[in-house]
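Protein chains: 6
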Amino acid sequence: MNVHPIFRAENRAADQLRPIRLTPDFVATAEGSVLVEFGHTRVLCNATVEQTVPGWLRNSGKGWVTAEYSMLPRATLTRTPRESERGKIGGRTHEIQRLIGRSLRSVVDLRALGERSIILDCDVLQADGGTRTAAITGAAAALSLALNKLVASGTLPASPMRELVAAVSVGIVEGQVLLDLDYQEDSQAETDSNVVMTASGGLVETQATAERTPYTRDQLTEMLDVASQGIQQLIATQAALLAPSAS
Amino acid sequence: MNVHPIFRAENRAADQLRPIRLTPDFVATAEGSVLVEFGHTRVLCNATVEQTVPGWLRNSGKGWVTAEYSMLPRATLTRTPRESERGKIGGRTHEIQRLIGRSLRSVVDLRALGERSIILDCDVLQADGGTRTAAITGAAAALSLALNKLVASGTLPASPMRELVAAVSVGIVEGQVLLDLDYQEDSQAETDSNVVMTASGGLVETQATAERTPYTRDQLTEMLDVASQGIQQLIATQAALLAPSAS
Amino acid sequence: MNVHPIFRAENRAADQLRPIRLTPDFVATAEGSVLVEFGHTRVLCNATVEQTVPGWLRNSGKGWVTAEYSMLPRATLTRTPRESERGKIGGRTHEIQRLIGRSLRSVVDLRALGERSIILDCDVLQADGGTRTAAITGAAAALSLALNKLVASGTLPASPMRELVAAVSVGIVEGQVLLDLDYQEDSQAETDSNVVMTASGGLVETQATAERTPYTRDQLTEMLDVASQGIQQLIATQAALLAPSAS
Amino acid sequence: MNVHPIFRAENRAADQLRPIRLTPDFVATAEGSVLVEFGHTRVLCNATVEQTVPGWLRNSGKGWVTAEYSMLPRATLTRTPRESERGKIGGRTHEIQRLIGRSLRSVVDLRALGERSIILDCDVLQADGGTRTAAITGAAAALSLALNKLVASGTLPASPMRELVAAVSVGIVEGQVLLDLDYQEDSQAETDSNVVMTASGGLVETQATAERTPYTRDQLTEMLDVASQGIQQLIATQAALLAPSAS
Amino acid sequence: MNVHPIFRAENRAADQLRPIRLTPDFVATAEGSVLVEFGHTRVLCNATVEQTVPGWLRNSGKGWVTAEYSMLPRATLTRTPRESERGKIGGRTHEIQRLIGRSLRSVVDLRALGERSIILDCDVLQADGGTRTAAITGAAAALSLALNKLVASGTLPASPMRELVAAVSVGIVEGQVLLDLDYQEDSQAETDSNVVMTASGGLVETQATAERTPYTRDQLTEMLDVASQGIQQLIATQAALLAPSAS
Amino acid sequence: MNVHPIFRAENRAADQLRPIRLTPDFVATAEGSVLVEFGHTRVLCNATVEQTVPGWLRNSGKGWVTAEYSMLPRATLTRTPRESERGKIGGRTHEIQRLIGRSLRSVVDLRALGERSIILDCDVLQADGGTRTAAITGAAAALSLALNKLVASGTLPASPMRELVAAVSVGIVEGQVLLDLDYQEDSQAETDSNVVMTASGGLVETQATAERTPYTRDQLTEMLDVASQGIQQLIATQAALLAPSAS
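Protein chains in written order, with the numbering used here: chain A, 1 to 247; chain B, 248 to 494; chain C, 495 to 741; chain D, 742 to 988; chain E, 989 to 1235; chain F, 1236 to 1482.
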């Protein structure tokens, strides 16, 4: 691996995550609730269990997991108008909520879930880069909590979540591969990538976008290496939260 | 006054507020940020200062104060679909955000504010009744914080906020006048009212709605008496937060 | 009571209504139709009986009463764009139609109505202040006409309308309490209030809003006194229209 | 001409108009206001003069005349939901308001009007067939009244309206050509046509639609003959309203 | 007839169609697909058979034929923004798709079709005037192809299409009646008309609109004469395509 | 590389593209027009040059390249309702048009383009998998044609397009890496990826999504190898089209 130390806020190393915090039960109203923090980025992830499925799954015996993502207007330094006021959901929001939904479905046995839906609401309270990867990481934990409740109540014999899944961003800034970019770094990145991986190391999603200049196969390899170790730390944090003694 | 003790959650007296908490700077991104809690009801109130005014105020020398209100989908025990997904703002939301805006403007000297707008975003994280009165109370504090910053930075010579303002609900449940209704009480109330009052005791808004059976002039008088003392406590809490030593 | 004579259009006394007129059967197409005039304010109120109820009332045995409110573009001196052209209903419209619906439901026994809905369409043909209070007053009469037809046709054994209900505005202009404000007075008012009351004197809705400066408890009392006598006159007018000899 | 007597409501002859009435100044708020009645069909036509033109006419020296059309929900025997509630204008409404606008522009010298717009709001209070032809006929009168005011106030040296224009429907019912169809006749018509013609006999719009079976050239000729004489009567009614002694 | 030779692109005679081409099976995905070309105007007409009918036809035993019309953004020399981006369908689009639908239904026995719907999607790839008449002409052919497949598969015993139908534009340019106007001619026309006629000569729709100055009865007669012979040529082209040997 | 022969339609090898065709000037109305075909997938790509830029680029001296993507309703075997009818753009459409825009901007010197925008409209006429990669490939060619015209007309001294760019899909079906999936293969794929690459081999976008089961690093490597050689063939096809002798 080829990560040189460069100056990052709070003396972070190039391959170092920001301080990660997962707070369970942030609201008492949801079936699963986790406030996830990646540094200053804070996303509230709430899981809802509904006893219906989308039309195309009716009578299929299979369930569904989906997500909605939104930013509070003042999650950002400059106020972002509400999508409810503008009367439509923007492209970026659509892209992110589809990504969260796909990531979570990759680790859930939808047949074992049965004909019910789980909706993960991911609302960004404060944004400092990496809101979509924080949302995936927090939503996976909230989903696990909600599924555990279905097991505890006897609704399901075992959790249909096969393993944990988490996500992190990696980017190239001034030629350097950096892990878990904050907003400042993200806006300077030449390449921006998001990686979603499972506890057992399987890749769920690899997205690497050249923002200014194309990147090479070697750079892609380095980004994936750095992302992998970051994700393993995130999954360890999730696991600690979900361990019996932590609840 | 004629308030008999009846059974309320956590042994609250009929004329007693729920535990009130105002947390300043809940997010670091907004010009003024207050998390307000009335018992289990939690509303994040963020103030944004913008250097523009709505069209009808251009070149008037006057500013504007307005509010937007929203509930996160899982603020409630049953998930409420997002208004951004439905593509339109509902009547209840419109009604509440207009009430918050009017209440705040009643204590601000819009000419002294100058041609700038302050937007108060009130997002309900958890709802247990009284979200609109909590929002007014928290938003008034967030507005004060934002105006104080404009004074501190030398943009304004003095805060254009003439006095504090707060709000509380009062209702009639089984013939009893109760202060600061939680969700359970609110859904049983025969009459539901919201009162907005200033520190000096001036009435800004009185709304009393018969949900099932009409109410009498005497009952209205009693509701206003109970609300008045509750609001004075709320304003004391705001004042404590805003006192120099608290910041 | 403390109402001093001040100059009003057409030498109206401070506590005097404008000329009130209720014209039944303004259109022949509706189950109940009343054109209501408060001075130059003219609102067409049409009642529709539908044999369905909103989803949440299905199989409850209970009916529903609701209202829609709209202004024709040239009801006002300056043309107001249609909400159908803008593609959404504004906050003021939502607020008014919710108020009309609540007011009417307060005097109807929804269980006796059975599983049917009555929709009151209130369309303002000409606006000179007080359109929402005129709408409530006219809609109550149109609702009564429609319910009487259900009795006449044998669909219902008796009208489920327990008593009449009407509404009027009261405001404080230059410190004076004035009844039934026209547009000119309304735009100068320091406080603007709307009161909805039943024939037996029960309060259904009290809304008093400080437009510029807060008002006192004494002023609220005076406004309610003036409103009460105005509403009794309105209800007398409704009763005359609905009396057997008038139909 | 080949019009056999057939039974029509109120013993109308096949080539006879329903009772026509034009009431000027139905509202006092608009620059020109006419309530037009074709039998039970009643349309309120209000003209608004605005000092702007659509973008594509800016700096062209030319004005614009346009129309908006709407039906009150209970203009019809069965309630029609509001387009504002559904959030979009339907195809039929678009088609009608485009027809009204084109018809009026055909008799106005847009260059002589100067860079201002006249909007004709046509709101159907009660519908019994022929609402679009009544709207054109009433709107032409309201437009004339509004333009006369611009002349009276010295804004324009002379009215830019070259001549009057009116419209009527003609249809084929059971093989018979009938003038000015009411709703009952319209719903039985094999062919439905609308003709717009000027005072000097020029055709502005001919629309003839086979609803069930195609029609012949001879039938089209007969429909146009019957329409012509009906329109001349409508224009005589407009002229009487607009004559100096009538105002 | 009174058609003088005037200069038209490619030396076209006043009563001459542009080169007409109908290409069947332009896409393989639709039940019936025809690319229709009137000179440079190219419209892709695809027929879809659905096994449902609109609500008002359920259990009526009757089917429905409807159309949707759209222009690709660069069908025109200046790009036209998509209606999907603007979030609503414009008035012109509504008018055209209603016209196409009516024209096709006039030649289909809806009872013989049974409870199924046929949707004709008419998408303009390149526009040079006459897109709506080309669309009707191409859609009638696509509809016939789709119905023939229902017969071939044994779903229907015989095609419910009674006869062919086609459409053409006629206009008056500098006092001359011209057939099948291209964009350049259309934008200069004093009168613009569209005629829809069946194979047996029955009129389905006659629309003649004065764009600048009213037209006379004689001019209308001449336009209909010229249109008739044009439509007979169009129907011959359709018939050739649909003849057994052509498929 | 580890690609075993498996059965594909038309005996395609696992690493073989479908027949590729680029037809220039498919419409005459656009500044650049290319019909791209990847087997049965056909996308019409039209480039529009506009002399404005989005607000955030005004006075920056820089231009913009963006894309819109849409499918005709019958591009698919089952009709897809139009987004214009539903009144909003779906998430998938947003995602695709953002991807096309980013891909094209990566090879354009926006400063050399100057303050003008190029919009690429990508309309799918027939869909059989890979519509987004076909769209990128065709749009790059249409963009190049449009830029060449700006050079030919003297508006720009040289084309601001630094190099060609193309895209292809790769997927894993039954454990095999397949290039350029058709619809049938795409719906069976365990992993679906899209790769965008420039003529010089730089990566612009790598998106690899596990549809059912996570994929390994080795599989990702193999997919990128297969995609690379496919893209080089696509770029050769673009280059042939754009070579002077081809125009």
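Where a beta carbon is used, it is the ideal one built from N, C-alpha and C, also for glycine. None of the values given here were measured: they were computed from a predicted structure.
On the DSSP letters alone, give me the boundaries of the beta strand (DSSP E) that residue i sits inside.
i, result
"F/M1306", "1299-1306"
"D/D933", "932-939"
Please confirm if residue i has its CB atom under 8 Å from at least one CB of chain A.
i, result
"B/H287", "yes"
"B/S447", "no"
Following the continuous alpha helix (DSSP H) through residue i, name the residue where it begins and the one where it ends.
i, result
"B/N395", "378-399"
"C/T731", "711-736"
"C/I613", "That residue, C/I613, is in no alpha helix (DSSP H); its beta strand (DSSP E) goes 611-620."
"C/G585", "585-599"
"F/L1345", "1345-1348"
"C/Q510", "Neither: C/Q510 is in no alpha helix (DSSP H) and is coded neither H nor E."
Assuming residue i and residue j make a contact with CB atoms under 8 Å, what is their CB distance in whole Å?
i, j, result
"B/T453", "B/V442", "6 Å"
"C/D622", "C/G533", "6 Å"
"D/Q867", "C/A522", "7 Å"
I'd like to know if residue i contacts chain B, where contact means its C-beta is closer than 8 Å to some C-beta of that chain.
i, result
"A/D123", "yes"
"C/R626", "no"
"A/E68", "yes"
"A/P214", "no"
"C/K582", "yes"
Between residue i and chain D, is there a C-beta pair that is closer than 8 Å?
i, result
"C/A522", "yes"
"C/L566", "yes"
"E/Q1226", "no"
"E/R1099", "no"
Quick one: does residue i have its CB under 8 Å from some CB of chain F?
i, result
"A/L203", "yes"
"E/P1007", "no"
"A/L220", "yes"
Please confirm if residue i has its CB atom under 8 Å from at least one CB of chain C.
i, result
"B/A495", "Examination of residue 495 of chain B is not possible in this model, given that chain B is present from 248 through 494 alone."
"D/A876", "no"
Under a CB-based cut-off of 8 Å, is residue i close to chain E?
i, result
"F/I1354", "yes"
"F/S1319", "yes"
What in chain C is Cβ-close to residue i, meaning under 8 Å?
i, result
"B/E342", "G585, H588, E589, R592"
"D/A816", "V521, T523"
Check whether chain G comes within 8 Å of residue i, counting only Cβ atoms and requiring the distance to be less than that.
i, result
"D/R799", "Included in the structure are the protein chains A, B, C, D, E and F, with no chain G among them."
Can you pull the chain E residues whose beta carbon is under 8 Å from the beta carbon of residue i, in chain order?
i, result
"F/N1281", "L1060, P1061, R1062"
"D/S885", "Those within 8 Å of D/S885 in chain E number zero; the least Cβ separation is about 17 Å."
Who are the neighbours of residue i on chain E, taking C-beta pairs under 7 Å?
i, result
"F/R1314", "T1036, I1107"
Cβ closer than 8 Å: which chain F residues qualify as neighbours of residue i?
i, result
"E/Q1114", "V1262, A1263, T1264"
Name, please, each residue of chain F whose Cβ falls closer than 9 Å to the Cβ of residue i.
i, result
"A/Q188", "Result: empty, since nearest Cβ-Cβ is about 17 Å, beyond 9 Å."
For a contact defined as C-beta to C-beta under 7 Å, what are the partners of residue i on chain F?
i, result
"A/S106", "A1445, P1449"
(Q) Below 8 Å, how does it come out for the region 875-892 of chain D and the region 636-649 of chain C: are there three or more Cβ pairs, yes or no? (A) Short answer: they don't touch.
(Q) Using 8 Å as the cut-off, can you tell me whether the region 1301-1309 of chain F makes contact with the region 1014-1032 of chain E, which would need three or more C-beta pairs spanning the two stretches below that distance? (A) Contact check between the region 1301-1309 of chain F and the region 1014-1032 of chain E: three or more CB pairs, one atom from each, fall below 8 Å, which counts as touching.
Q) Is the region 403-417 of chain B touching the region 471-484 of chain B in the sense that three or more CB pairs, one from each, lie closer than 8 Å? A) yes
(Q) Check whether the region 348-363 of chain B and the region 382-390 of chain B touch, using three or more Cβ-Cβ pairs below 8 Å as the test. (A) A contact exists between the region 348-363 of chain B and the region 382-390 of chain B.
Q) Can we say the region 1249-1260 of chain F touches the region 1037-1054 of chain E, given the rule of at least three CB pairs closer than 8 Å? A) no
Q: Could you say if the region 850-858 of chain D and the region 829-836 of chain D meet the contact criterion of at least three C-beta pairs nearer than 8 Å?
A: no
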